[in-house]
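Numbering-wise (this note's numbering), the sequence shown opens with residue 104 and increments by one. Every residue, glycine too, gets a C-beta built ideally from N, C-alpha and C. Step one of this worksheet: look at the structure below.
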Amino acid sequence: METIWKDPFVIVVDCTFWTKKFDIRLSVFLQLSKHIPQGAKKNLQDIYVVNPNNFFNKTTKKLVSSLGYSRWKVLTGESLAAAAENGKTKNPLDLAKPEHLLLSPITQQIFTKSEIVFKDVQLVLSSHVTECEIRLFDQYLFIIVKDEKFIGNKLVCDCVEHIPVTKISDIAIKKSLFGKSGKATKDFTVKYIDDEDAEAVYNFRSQTVEEREQIMQGIRNYVERKSRGTKSAKEVERDFKRLKVQDVPGQLLAISFFNLDSKSPSIRTSAYSLLTSIFEQLKLPKHPIILESDVVCVPRNTETFVLRISEYFARNKPELTLEFMKEALNAFKTIQGSKSKLKFASFILPWLDNLTRFEISHNSSDEADEKTEAIKAWFENFTKLCISYEDIYPTLQAVWRHACKLSLPLTKIAIESVLKQGTTVDMLNADQSVIGDILETILTNAPPQWNSAQFVINKIIEPIMTQELHIDLLHKATVKELVKSKDILGRLPVYMSYLLVLSFHSQINLIDNLPYLLFIISMFLGVGADTYMRSMAYGICSNCVHGLILELPSTEQYEPLRTKLTKLHLKMLSKDIKSSFMGGDYEPQPFASYSDYINKAASGNPTLEQTTMYKYEEIMRYFKEIMECFNISYEIIQQNRKIPPTKIQPTTLYVSGGMTSSKMTEEVSDNSKENNTGLEDDGTENDMTEGDIDDDHTTTLSSISAIPSTSTSDFVKSGSDTVNNVWLKIFTNLCKDTMKTANILLFPKSLIAYSIVSTMEQSYDMIPFVLNFIGKRGVDTLAEDDLMLSVVLSINQFCTNLVVEKDRIETIRKLVLFGFLLLTVGNTKIYSAVTKMLSTVFGILFEAGDIHDGFTSLGDYFQAVFSSEFSKYRNFTKDFEETVGISFGEHFSFAFAILMMKGLSVEDSTIRRASISLLKQVLSISSKLKYEPQKQLGFITALIPFDKQYNSVLYSEQLFTDKMFTKETVFLFQKYLFTIASNVDIDSCASIYKTLARGFEIIPDTFADVFQDHHSMSQVIKVYTSSQDDSIIEHSLNLFKIMSNNAKSKKLQVKEPFAEYGFKGFKDQCTFSGVKDEMKKKCQKKTISFLVDNFNEKEYPSMDSVIISKTGMKKNVVRNNSTHSPVTRQNSSGLINKK
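Here it is in structure tokens:
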């Protein structure tokens, strides 16, 4: 030893598990100081204390006086790892020789290999609250208390406390001292048995109630997993001897049942004796098959005996139900032997029947709430048990099969508990398959008239309607990042996986629930930074169409429908639909595990295309096509499917202070009939507003989660007797309800979906509502591409749905000016949608006779309606012309063509095709009014580069006449073509130069002066010198020769008379990038002011109630939803204003 002390050394003290029983007496240190070799203290460099705790603080009072403060260093295992990794400070343990370093692996791995970590937790002490972490690792719960002071309050370090998980006795919500509900508190406690066998407790506080639940559940799961099977037969027998008559009878009963088939004969005998004692304690008459006796030989196979006794107790002592069921679960976890565990599924069934007694109590809501919470907790714990014991789960399935048949409210509790557990277990393990199997079992065995599947579906829909979600997270997050979200988005991947499984097993009742599923898919279509959510949406959609085919009755009359659905199902394989779902050429992998996607993320996420509103619109048309197939009587198809009637037969089971759930369910059903008496034939409320609410009827336990605002039965009762009508109305109302929420990022999808499925009347009502909504949100809205694109696409669709009457013409006229405004300020993302909308609007006005043969051209119509002194739009039109620098008066066709030049010049073929289509349409309309080519010359000019009909030799001969052109129009003609030539492809450019050359050859006197333009000549020279294409060089050279040889004057003009002819803004409209910011801002302000002035409550008095008045919702549902999701408007700052 003496040789060791001669070299510099350190002392490393591992305090990780230092407790009172390891206390070192002061005399030991005194003896140690006497026997330390000479010079040892001199060579002692530092004393390192690793993972100090509170007990260490007490002990150090004995040490520091003899060894001094200066040499003490306190640090955690985390600090050691960080020091070694960063290289800034040498790991102090390196100074100790390997053979002398005895730190346990746990000490060094607490901070690096903890199985579960909960951060941002507070430890509540008697005097103060301090920050801490909870770490679960290797049979221990570690509490890392931040920044504690040690060694006489001179050194700061994290304090590391520990509790063996086998010593934890309870994890519970801390009850409030002031009567506040336990649901709302963030505090919880962890009770344990300390080294002196006394009960101790740690008090914690989480950031939110949701985090509290997550932490408590995580600790419980860990404790159960680590404590499983730790009791020996002797310990079990010893527990029996400790039980007394005054103990909880439910607990004793559960213990006796489980141990009646123990391997140990003595334990079986003790269990039998305990059972007879319970009979005596509860003063029950002895059962014919049980008799108190000390001389009895209990065989191991006692399953039939236990079942009969269990039925007897459940029937005669129903007040023990909740206690017994809770204790039966607790005993299940500790009992050894799978044979004993398998017996649980049989003896628990009689007690499940008693649960219907505790669901409703009108006289004591607190009691009802307490019992309801106990029932929920039991199902949650039973779900965990099924996950933990997957090997015997097939036997435990009997419990789910039985429970889901008892009552609808109880089935809802079971489903909600299963879903809750599915979002609290580790997302990356295989437990989700068990959850999916439980849900499939419940939906398979629950009576079909309850439509339990809708409850699962509504767990996704309800938050969309009532919560402000971080929808933008969906577009950016991988599935690994998404599940960390604390709102519905974090649970969405799990819920979607359940829907995928249920849709395959045909357990969703698609005839009743298809619109809800399509709505979920539509809201979350094309989102995510990986393909997980995209694959889920694709898989659910594919399974739904497949399921519809399977749900059709197997009769000959349904064969045509089956054939049509089969074709639609195969359409899912088309490249367009698949890429719209997947964001590119990726194969869906809906059943891939979370870990598969996380491993892929490590190697980089795929490059996914955005599912644009254009693609989204096509998918919505596909959904509508599916729904419209079912033009079948709802009642007939239900009869063929042999679905039982929806009325639930009551039982005669009553309890003190209230009635059973089945009675309640029947009453709620009757109430819904009363609520539907005010419905019109189309299923809509008669003059219903938010203030018109029926408060007479409420639901209790059955309203655990919000009911969808519309149900199939509502519409069937209201006269919608075909399946497609029912589906379309439900889908329409779901879209409306979503538009009522503050989720502005969901608004675009909801709006487009609504426009696709809305009726003619609904379409007309929505046009002013949508444009007023944009006007009130302000100028910034015009920069929100998805929102504006959805607005324009929906307006176009609403117009397509219309059959225009005279009193609606004025609204359509306003859309012309709205379209012109968007042509000036719109970008490439919305431009083609604007041209399609204008095409639809002009078509409607022409077909309705508003554009009639009393006008000689489209320009005359525009002048009369929007610019004449009798027009109410005159001032606005005049201001608009001054702002953009383009006059719509004398040369309307050129003014319109100039606004369209951006769309023709862009490389995007979709925008160019839409622009060409609109130009052809307005040319056609104008020609039908009166064939005057002079007034249509602008339209023709814009089409020359892109349509062979207008750049052919034959057409040029008819076009180039002296009567066709004036001084102004020949200038605009050649300027338009020369300008657009620099932004089109080679073929279009060649068509332009050939046409110009023909014009000069045919009418040289008319064209000569124009070609003396310096700008035009320079452009031709530039093309000639820079082009690499022989045909362009040839045509430009030919044009240059003609321009040079035939000019009347050799002097070139520099000034261009745009302003003189009313087109000073010509160059600003040539390309998207050429639009000046100042002009764009002015036009944006004018757009908003136009919408506010022309689409307001004064112009459309019923506009504010459009979202509510035609929803067809039941009154009590409107009340529930309106408290969470009022009709909202958003101003330019993005703040929500309640209307």
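What is the DSSP secondary structure of residue i, counted as helix, strand or coil?
i: residue 649; result: helix
i: residue 1093; result: helix
i: residue 950; result: helix
i: residue 1143; result: helix
i: residue 247; result: strand
i: residue 233; result: strand
i: residue 301; result: coil
i: residue 1173; result: coil
i: residue 119; result: coil
i: residue 148; result: strand
i: residue 1138; result: helix
i: residue 113; result: strand
i: residue 843; result: coil
i: residue 59; result: The structure shown does not extend to residue 59, since the chain is modelled only from 104 to 1242, so the question has no answer here.
i: residue 506; result: helix
i: residue 739; result: helix
i: residue 252; result: strand
i: residue 1162; result: coil
i: residue 633; result: coil
i: residue 367; result: coil
i: residue 655; result: coil
i: residue 401; result: coil
Are there 16 or more other CB atoms within 10 angstroms of the CB of residue i, so buried, or fewer, so exposed?
i: residue 637; result: buried
i: residue 1187; result: buried
i: residue 1042; result: buried
i: residue 557; result: buried
i: residue 923; result: buried
i: residue 1246; result: Since the displayed the chain opens at 104 and closes at 1242, residue 1246 lies outside it and no answer follows.
i: residue 867; result: buried
i: residue 724; result: exposed
i: residue 780; result: Because residue 780 carries a pLDDT of 38, less than 50, the predicted location of this residue cannot be relied on, and no value is offered for it.
i: residue 730; result: buried
i: residue 404; result: exposed
i: residue 497; result: exposed
i: residue 211; result: buried
Kindly indicate the opening and closing residues of the beta strand (DSSP E) around residue i.
i: residue 610; result: Segment: none, residue 610 is in no beta strand (DSSP E) and carries neither H nor E.
i: residue 220; result: 219-227
i: residue 295; result: 290-296
i: residue 177; result: 175-178
By the DSSP assignment, the alpha helix (DSSP H) with residue i in it spans what residues?
i: residue 994; result: Segment: none, residue 994 is in no alpha helix (DSSP H) and carries neither H nor E.
i: residue 361; result: 352-362
i: residue 670; result: 662-674
i: residue 1051; result: 1051-1054
i: residue 1021; result: 1012-1032
i: residue 1192; result: 1180-1197
i: residue 894; result: 888-904
i: residue 682; result: 678-685
i: residue 1087; result: Here residue 1087 belongs to no alpha helix (DSSP H), and DSSP marks it neither H nor E.
i: residue 907; result: Neither: residue 907 is in no alpha helix (DSSP H) and is coded neither H nor E.
i: residue 983; result: 977-987
The ligand MG heavy atoms versus the CB of residue i: any closer than 7 Å?
i: residue 121; result: The ligand MG is absent from the structure shown, which contains no ligands of any kind.
Exercise for the section: Answer yes if the region 874-891 comes into contact with the region 855-864, meaning at least three C-beta pairs across the two stretches below 8 Å, and no otherwise. Expected result: no
Problem - Uninterrupted alpha helix (DSSP H) stretches inside the region 409-493 (no shorter than 4 residues) - result: 424-437, 441-445, 447-450, 452-456, 468-491
Practice task
Take every Cβ of the region 316-327, pair it with every Cβ of the region 222-242, and state whether three or more of those distances are shorter than 8 Å.
Solution key: The region 316-327 is in contact with the region 222-242.
Practice task
Let me know the alpha helix (DSSP H) ranges lying completely inside the region 525-609, each 4 residues or longer, listed in chain order.
Solution key: 535-548, 556-569, 575-579, 582-585, 591-607
Handout entry: Three or more C-beta pairs below 8 Å linking the region 951-971 and the region 930-939
Key = Fewer than three beta-carbon pairs drawn from the region 951-971 and the region 930-939 are found closer than 8 Å, and the two stretches are therefore not classed as touching.
Handout entry: contact_flag[the region 1064-1071, the region 1095-1110] where n(CB pairs < 8 Å) is 3 or more
Key = Flag = yes, the region 1064-1071 and the region 1095-1110 touch.
Practice task
Would you check if there are 3 or more beta carbon pairs closer than 8 Å linking the region 597-616 to the region 541-559?
Solution key: yes
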